[in-house]
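Structure record follows, encoded as C-alpha cells.
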Ligand code: HEM
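Residue numbers (the numbering used here): -1 to 223.
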C-alpha cells in the first residue's frame, strides 16, 4: 500500500488513452452544454408558468411556509412537499425541453415489434410522444400538476415521465438536475412572488430550436419578506 497518493506510480501520458487535454475540454464543454442550459430553461418555464397560474404559485408558497418556513431549503424537505414536487414534475413535463431527445443508433441488428432494424439504423426516441401521451396524462396539453397527485394529495410517480430519457444512455445529470430544480425553485418562491408586468400577455408557445425554450418575457419579482 502507498502512504500518500504521490507515492503511487503515475500513469504516463498516452494520447491513446482517455486522459488527454482534448477529451478534458470536450467533457467540460459537454457538462456546461448539457448541464446548465437544460436546468436554466426548465426554471424559466417554471417562472413563466407561475406568472400564468398565480393560484398554483400561491399553493406552492403555502407548502413552503408550512414545511421549510424561513430556513434554507434542503433536498430532504422534498418528500414532505408533494404539491411542490408535483408542480416541478409538471413544469418538466409541460416544458418538454428536449422534445426530440438525442439521436441514437442500433449497435446490432434488432427485431422490434415486428420491425427489423439493421445495425447502424438511426433511432430518434421522441420524448414528446411520452410526455404528451393522453393515456398517461389526462390533460396532456394543459399545465395540470394534478397529473402527479392522487385524490388525497399524495405525490404519484408516472412511468411516462421521461424528460431525462430512459435506458443506459439516459441523462447522466438527472439526480443533480432534480436537486438543483427543487432548491432553486423553492428558494425563489420562498423569497419572491413572481408576477407579470401589467398588461403583459403570457404566451406559452415554445421558441423554435433544438431545445424548447420559453419566449422572452419580462418578470416582476416582488420580495415576500
Ligand atoms: C432539467 C435538466 C436536464 C434535462 C431535462 C436533461 C435531459 C437530457 C436528455 C433528454 C439527454 C439525452 C438522453 C439520451 O440520449 O437518451 C441527456 C443527456 C445527458 N445529460 Fe442531461 N438533462 C438535464 C440536466 C443535466 C445536468 C445537470 C447534467 C450534468 C451536469 C447533464 C448531463 C448529461 C449528459 C453527460 C448526457 C449524455 C449522457 C450519455 O450520452 O450517456 N444533464 N440529458
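Where a beta carbon is used, it is the ideal one built from N, C-alpha and C, also for glycine. This structure is a prediction, so every number in the text was calculated from the model and none was measured.
Checklist line | Buried or exposed (CB count within 10 angstroms, at least 16 for buried), residue 141 | finding: Position 143 of the chain shown, counting from 1, holds the residue named residue 141. It counts as buried.
Note to self: For the ligand HEM, is there any heavy atom lying closer than 8 Å to the beta carbon of residue 88?
What the structure shows: Residue mapping note: residue 88 aligns to position 90 of the chain shown, counting from 1. Residue 88: no, Cβ never under 8 Å from the ligand HEM.
Item checked: residue 161 - containing alpha helix (DSSP H), residue span -> Within the chain shown, the letter at position 163 stands for residue 161. Where residue 161 is concerned, there is no enclosing alpha helix (DSSP H), given that its DSSP letter is neither H nor E.
Notebook entry, point to check: In the structure shown, what three-state DSSP assignment does residue 75 receive?
Noted result: On the chain shown, residue 75 is found 77 positions in, with the first residue counted as 1. Residue state, collapsed to three classes: helix.
Check: Which residue's Cα is closest to the Cα of residue 175: 213, 45, 30?
Finding: Taking the chain shown and counting its residues from 1, the one referred to as residue 175 is at position 177. The shortest C-alpha to C-alpha distance from residue 175 to any of 213, 45, 30 is the one to 30.
Note to self: Runs of 4 residues minimum, wholly inside the region 12 to 39: which ones carry the alpha helix (DSSP H) assignment?
What the structure shows: 19 to 33
Notebook entry, point to check: Would you call the CB atoms of residue 134 and residue 156 closer than 9 Å?
Noted result: Here residue 134 is taken as the residue at index 136 of the chain shown, counted from 1. Here residue 156 is taken as the residue at index 158 of the chain shown, counted from 1. The answer is yes: Cβ separation under 9 Å.
Note to self: Give me the residue from 206, 200, 207, 191 with the minimum Cα distance to residue 218.
What the structure shows: In the chain shown, the residue the question calls residue 218 occupies position 220. If you compare the alpha carbons of 206, 200, 207, 191 with that of residue 218, the shortest gap goes to 191.
Next item on the list: Count the other C-beta atoms from every protein chain shown that fall within 10 angstroms of the C-beta of residue 173, then say buried if there are 16 or more, exposed otherwise.
Entry: By 1-based counting over the chain shown, the position of residue 173 is 175. Residue 173 comes out exposed.
Check: With respect to 8 Å, is the separation between the Cβ of residue 19 and the closest non-hydrogen atom of the ligand HEM below this value?
Finding: Counting from one through the chain shown, the residue named residue 19 turns up at place 21. Flag unset: Cβ of residue 19 not near the ligand HEM.
Check: In its own chain, which residues sit with a C-beta less than 6 Å from the C-beta of residue 143, not counting the 5 before and 5 after it?
Finding: Counting from one through the chain shown, the residue named residue 143 turns up at place 145. Excluding residues within five positions, the ones whose Cβ falls inside 6 Å are 84, 85, 88.
Item checked: Residues near residue 123 in its chain [Cβ-Cβ closer than 6 Å; skip 5 each side] -> Here residue 123 refers to the residue found at position 125 when the chain shown is read from its first residue. Closer than 6 Å at the Cβ level, and outside the excluded window around residue 123, lie 99.
Notebook entry, point to check: Cβ atoms of residue 96 and residue 81: under 9 Å apart, would you say?
Noted result: To locate residue 81, count along the chain shown from 1; it is residue 83. To locate residue 96, count along the chain shown from 1; it is residue 98. No, the pair does not count as a contact, with Cβ atoms beyond the cut-off.
Item checked: Meets three-Cβ-pair contact criterion under 8 Å: the region 33 to 45 and the region 176 to 183 -> Touching, yes.
Item checked: Buried versus exposed call for residue 120 [16 or more other C-beta atoms within 10 Å across all chains shown] -> Position 122 of the chain shown, counted from the first residue, corresponds to residue 120. Exposed: under 16 other Cβ atoms inside 10 Å.
Notebook entry, point to check: Between which two residues does the beta strand (DSSP E) containing residue 192 stretch?
Noted result: Counting from 1 along the chain shown, the entry for residue 192 is found at position 194. It spans 190 to 193 - the beta strand (DSSP E) in which residue 192 sits, taken as one unbroken run.
Note to self: Taking 8 Å as the limit between beta carbons, can you name the residues of its chain near residue 223, skipping five residues before and five after?
What the structure shows: One-based indexing of the chain shown puts residue 223 at position 225. These residues qualify, in order along the chain: 68, 189.
Next item on the list: Output the distance between the C-alpha atoms of residue 107 and residue 163, rounded to the nearest integer angstrom.
Entry: Within the chain shown, the letter at position 109 stands for residue 107. Within the chain shown, the letter at position 165 stands for residue 163. Rounded to whole angstroms, residue 107 to residue 163 spans 22 Å at the Cα level.
Item checked: Cβ shell of residue 73 (< 6 Å), same chain only, five flanking positions each side left out -> As a working note, residue 73 is residue 75 in the chain shown. Correct list, in chain order: 177.
Notebook entry, point to check: Does the Cβ of residue 208 have 16 or more other Cβ atoms within 10 Å, making it buried, or fewer, making it exposed?
Noted result: As a first step, residue 208 must be located in the chain shown, where it is residue number 210. Counting Cβ neighbours within 10 Å, residue 208 comes out exposed, since fewer than 16 surround it.
Note to self: Against chain C, does residue 95 count as a neighbour if the rule is that its beta carbon must be under 9 Å from one of theirs?
What the structure shows: No chain C is part of this structure, which consists of one protein chain only.
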